[in-house]
Amino acid sequence: MNPLFQQRKVIIILVMLLIMAVYVIRLFGLQVVDQTYKDRAAANAIREIMVTPPRGLIYDRNDSLIVANEVVYNLMAIPKNIQAFDTFDLCNILEIEKEELIKRLEKAKVYSPILPSIIEQQMSKEDYGYLQEKMHKFPGFYVESRILRSYPIPVAAHILGYIGEITEEQLKEETYYQLGDYIGISGIEKSYEEELRGQKGKRMVLVDVHNREQGSYKNGEEDVRAVPGENLWSTLDIALQEYGEKLMEGKKGSIVAIEPKTGEILCIVSSPSYDPNLLVGKSRSKNYSKLYTDSVNLPLFNRALKACYPPGSTFKLANGLIAEQEGVLTEYTIYSCGGGYSIGNHVIGCHHSGATNLVSGVQHSCNTYFCRAFYNTVSNHRYHSVQEGYQAWRNHITRLGFGQKFNTDLPYESKGIIPSVEYFNKKYKNHWNGNYIVSMGIGQGEVGATPLQMANLIAIIANKGYYYRPHVVRCIGDKQTPNMRYTQRMESGIESRYFNPVIEGMRLAVLHGTATGAKIDGITIAGKTGTAQNPHGADHSVFACFAPIEDPQIAVFVLVENGGWGASYACPIASLIIEYYLNREVKRTDLEQRMISTHFIKTNNKPTKTED
Amino acid sequence: MYPGIENKSRFTKGADKYLLMIYAALVFIGWLAIYSSTYDALAEVRTFDLTDFYGRQLLWILVSAVVGVIILLIDSNIFQTYAGIIYIVCMGLILLVVFFGADINGAKSWIRIGSFTFQPIELAKFATALMLAKFFSQGKTSLERRTQWFFAFGLILIPAAIAILQKDTGSALVFFSFIILFYREGFNTGLILLGILAIFVFVITIKFNELYAIACLTVLLIVACVFNNGNTKKIIRNFVVYGSFVLFVFAVNFAYTQILQPHQRQRIDTIFGKSVDPKGADFNLNQSKIAIGSGGFVGKGYLHGTQTKLNFVPEQRTDFIFCSIGEEFGFLGSIILIGLYLTMVIRIIVLSEKARTDFTRIYGYGVASIIFFHLFINIGMTIGLIPVIGIPLPLISYGGSSMLGFTLLIFTFLKLSAEY
Ligand SMILES: [Zn+2]
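Listed in order, the protein sequences are those of chains F and G. Those letters in the first sequence? Residues 136 to 747, per my numbering, in order. Those letters in the second sequence? Residues -9 to 410, per my numbering, in order.
Written out as structure tokens, the structure reads:
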């Protein structure tokens, strides 16, 4: 016993308790107070992997696959997790210079040290397989698969549109997306983005200190399953589309074909076009800028929706209908044509002459007749002024689909041009009458319409008074739920009986009038030629028609820029479209060949395939 | 005292039950933690595998249990009688290891026979505790006090020096934990305080610079002089101490900046957290703190830790095993574990003070000193309060030598303290 120092046991125990108290306080700080360690532990060991579901596929109206998916692989890196690795080895696999790799890694670090960045895009399957085996040698890197679009039939580029990486501006508004995600930029891809993209999922995985995946976190409890995008069924008849594009080769212009009963767009050609596969994959931006800078042909410009042309003689159909509805003429009203319509010293000429009623006016496209009809419409004694008369006409023409957007499912429509009363009041300082604007009666002057609007007018005529807004998607999802956006029947406000003389005139025009080139054995066609005056060069060749007259299946509008008068190109092309659509074969191969081989312009966007 | 009368039917008779229970609890917790840090969440069918870490540890636990039972059965006089011989044999053994031992993880401190490895330094801790107990319980009468302390220091310096030769700094430091025992046996408080001050000044000189160290010393000098209240003799003594510490600071600084090779300096810097070495010690310490810190209040649950399973924490089964407990059992689990250790150490101290013989008391203090020092260094290191010094957490860390060593220490004490 050493009683002398017995009190020292108390000091020893107290010092021990004191030291452990400090440790307990420290542990309290680390484990309870400081929350950052939990995040850091998660950042260490839990990797959240976004699962991008496959984008919906697109089929045409006959179940042909027109937009498919193709898997590519991106090499990703999280800068913070990168450890020393053999740069030489990685550069060899990726076939890039060391400097380039360092540059990309620096860029990734600047973007975010803890978020993944793409280091190499769209590796081939072989490169991916090779890299996957060596992945453990590159801590901080991993491979992510991405799905790219591919187009088995390289047509309809404008309608299908394309997808591309989301821009930083879009990212600020759309919380769903992350940098590097794809989003629809134009066409169906844009307007049905939400249906096509599905819902992203995520997978939580554990990785070890070498960043090797070690299995799922909490047995996948916190994983979110990705919901695949919905497949879409387009209204397009892709074979017809392909045929239309072939006919328009080497020409500028547009074909729009609509099924009148439903408003479904059967084909919608804007020429020159390009191979949609050009805007996919690695060479997308290179190809895009090539297309973008082609200022002569404007291949990216969708003429069918955005180009605003003077509608020409086909506009006479609308004016005839409005005049009837407004009561300024009946099918028996006869105007005599003396070869033109005179306004003071100025004469709007007409190539025909004689007593003309509505049927023969349409049949022979009589300028005199429709100038008078239009003049009488806006100068109607029902109204107190030309302003009121014009406003009445304008209301009708708007209900026929002009001067406004359809808000169809294809983005970026043009409204066309139908001037307002105020516009003319300002222009003519409130002193004007029907003759000031009478050229609008024959589709010239201050009026502009898109090919889609013109095709829709033909659909209204075929339906004798109503239409459904033109659209390109029929059903959504594998259950083929009908697209409910376009089921509302739009009334034109023109009584159906007023359509009969107009249709009769169009029928005669094909049989014995201006549009005999459109005749097809066994199919009754109602058509109307047009020649849209072009102040910049040769006139545009225009033709509008529908068939069969008894039970209209297709309404077509064709415009060939600088193609001269309507009967020369637009009329045979429209006729071939109808023959192909209704008969599924074309017997007039000579005509077909002549149309295909006539080239006004040189383009090289079509035959090119993507380089890789 | 009277072994003849003792009831031999129960070998645990007289052994402290609480100590036995805490021992068993710690061994059990340790094995669970080793199992957890070896646990492969991916394996679908897990077969119990004796070649895996938890399997081998279980074998060591069984060996230790047998050794413990044997100790409880044998005559307690053996320890006092043969303390000297045990000490000499162990010193010889660890010295042999310096020349013939196997090199594992940079320390030449292992005996290897086939796949079996053992660190005899763990036995040396036990032997030194026995030797000191024998020395202090008998030596007082025959030696002058000052000479006695020289001898005592010699007894701990021999194994410490050999440990340094084995490049096992951690174990070398452990032998200095016997200063707690010395203190209890009457070692001068002032000298201990001066020793602590020397360590303090040394750390400040290395970690910051010599000016900080001198500034601290000056503040202490002023405080001391104010307390001494004009006692000239004491003030002169203060100044002498101050002067020698200032010289010490300069010496340390000179050695650190001028004598050490750059790579040696680098090692010291890393130990003191001076140089950032994200792949080395700094990385390890960071991962250790992340693992413990992410445990939160109640932990992630047994087998649900991520950091201590996916190899983020270095030495996750041995020196950093506390991370596994901190991560899976949280703050609550951590303080329960610290509580168990403290109870064990204080229980040993209390039993020592009650012991009939000086030998048992002194030996008990030796055991308490070693266990506490291991606790202090190991946990302090994992939570970043102490530089990274590799010594195991008693009875918990993976490793047979340390398991066996601590079993010997504790069961011998159980046996000795039962003998009254
Ligand atoms: Zn005429």
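Cβ atoms here follow ideal geometry from the backbone N, Cα and C, with glycine treated the same way. Remember, it's a predicted structure, so these values are computed and weren't measured experimentally.
Start and end residues, alpha helix (DSSP H) containing residue i
i              : result
H531 (chain F) : 521 to 534
F349 (chain G) : 348 to 372
C226 (chain F) : 222 to 229
G45 (chain G)  : 43 to 63
L210 (chain G) : 200 to 218
V164 (chain G) : 159 to 165
Partners in chain F for residue i, counting only beta-carbon separations shorter than 7 Å
i              : result
R174 (chain G) : F140, R143, K144, I147
C-beta neighbour in chain F for residue i, strict 7 Å
i               : result
E343 (chain G)  : yes
M(-9) (chain G) : In this prediction, M(-9) (chain G) has a pLDDT of 42, which is less than 50 and means its spatial position is unreliable; what the coordinates show is noted afterwards. For M(-9) (chain G), the answer is no, since every Cβ of chain F falls outside 7 Å of its Cβ.
F273 (chain G)  : no
L375 (chain G)  : yes
F287 (chain G)  : yes
E34 (chain G)   : At E34 (chain G) the pLDDT is 48, less than 50, meaning the model places this residue with poor confidence and gives no usable figure here.
G320 (chain G)  : yes
F240 (chain G)  : no
Y8 (chain G)    : no
K3 (chain G)    : no
F362 (chain G)  : yes
Extent of the continuous beta strand (DSSP E) to which residue i belongs
i              : result
M185 (chain F) : 181 to 186
Q256 (chain F) : 252 to 258
H675 (chain F) : 675 to 682
M211 (chain F) : 200 to 212
H481 (chain F) : 481 to 484
C472 (chain F) : 470 to 472
R723 (chain F) : Unbroken run through R723 (chain F): none, as it is neither H nor E.
A392 (chain F) : 388 to 394
E279 (chain F) : 276 to 285
Cβ-Cβ separation, residue j to residue i (assumed contact under 8 Å), whole Å
i              : j              : result
L295 (chain F) : V404 (chain F) : Incorrect: roughly 13 Å between the Cβ atoms, too far for contact.
S488 (chain F) : G569 (chain F) : Incorrect: roughly 22 Å between the Cβ atoms, too far for contact.
V691 (chain F) : I712 (chain F) : 5 Å
V164 (chain G) : H364 (chain G) : 7 Å
F681 (chain F) : P395 (chain F) : 6 Å
I596 (chain F) : F634 (chain F) : 6 Å
S167 (chain G) : M393 (chain G) : 19 Å between Cβ atoms; not a contact.
R190 (chain F) : G447 (chain F) : About 41 Å; that fails the 8 Å criterion.
L440 (chain F) : L464 (chain F) : Incorrect: roughly 33 Å between the Cβ atoms, too far for contact.
V206 (chain F) : K335 (chain F) : Their Cβ separation, rounded to whole angstroms, is 16 Å, which puts V206 (chain F) and K335 (chain F) out of contact at 8 Å.
G698 (chain F) : S676 (chain F) : 3 Å
I146 (chain G) : T118 (chain G) : 6 Å
Partner residues on chain G for residue i, Cβ-Cβ distance less than 7 Å
i              : result
A180 (chain F) : T296, Q297, L300, F302
R154 (chain F) : Before going on, a small fix: residue 154 (chain F) reads as Ile here, not Arg. Those are F366, listed as they occur along chain G.
L341 (chain F) : T296, L300
Within chain F, the residues that residue i reaches when beta carbons sit closer than 8 Å
i              : result
L332 (chain G) : M151, L152, M155
F432 (chain G) : In the structure as shown, chain G begins at -9 and stops at 410. Residue 432 (chain G) is therefore absent and cannot be evaluated.
V335 (chain G) : M151
I282 (chain G) : L162, L165, Q166, Y172
Below-7 Å beta-carbon distance, residue i vs any chain G residue
i              : result
D358 (chain F) : no
K741 (chain F) : Confidence is the limiting factor: at K741 (chain F) the pLDDT is only 47, short of 50, which leaves the residue's position unreliable, though a coordinate-based value still follows. False, the Cβ-Cβ gap to chain G never drops below 7 Å.
Q615 (chain F) : no
Q376 (chain F) : no
Q349 (chain F) : yes
Interface flag, residue i vs chain C, CB-CB below 7 Å
i              : result
F244 (chain G) : Judged by its chain identifiers, the structure shown contains no chain C, and its protein chains are F and G.
Proximal residues of chain G, C-beta to C-beta of residue i below 8 Å
i              : result
Y158 (chain F) : I328, I369, G370, I373, L375
9 Å Cβ cut-off: residues of chain G touching residue i
i              : result
Q305 (chain F) : Per Cβ cutoff of 9 Å: no residues; Q305 (chain F) is ~35 Å from chain G at best.
Listed by chain order, chain F residues near residue i by CB distance under 9 Å
i              : result
I339 (chain G) : K144, I147, I148, M151
G316 (chain G) : L162, L165, Q166
Practice item. Using a Cβ-Cβ cut-off of less than 7 Å, give me the residues of the region 160 to 176 of chain F that come near chain G, in sequence order. Key: R161, L162, F163, L165, Q166, V167, D169, Y172, K173, R175, A176
**Study point:** Near-chain F residues of the region 197 to 228 of chain G (beta-carbon distance less than 9 Å), N- to C-terminal order
**Key:** none
Exercise for review: Please list the residues of the region 258 to 282 of chain F that have a C-beta atom closer than 7 Å to any C-beta atom in chain G, keeping them in chain order.
Suggested key: none
Review point. Listed from N- to C-terminal order along the chain, which residues in the region 151 to 175 of chain G have their beta-carbon within a distance smaller than 8 Å of any beta-carbon of chain F?
Key: I170, Y173, R174, E175
Check your understanding: Quick one, which residues of the region 99 to 124 of chain G are near chain F if we go by CB-CB under 9 Å, in chain order?
Key -> none
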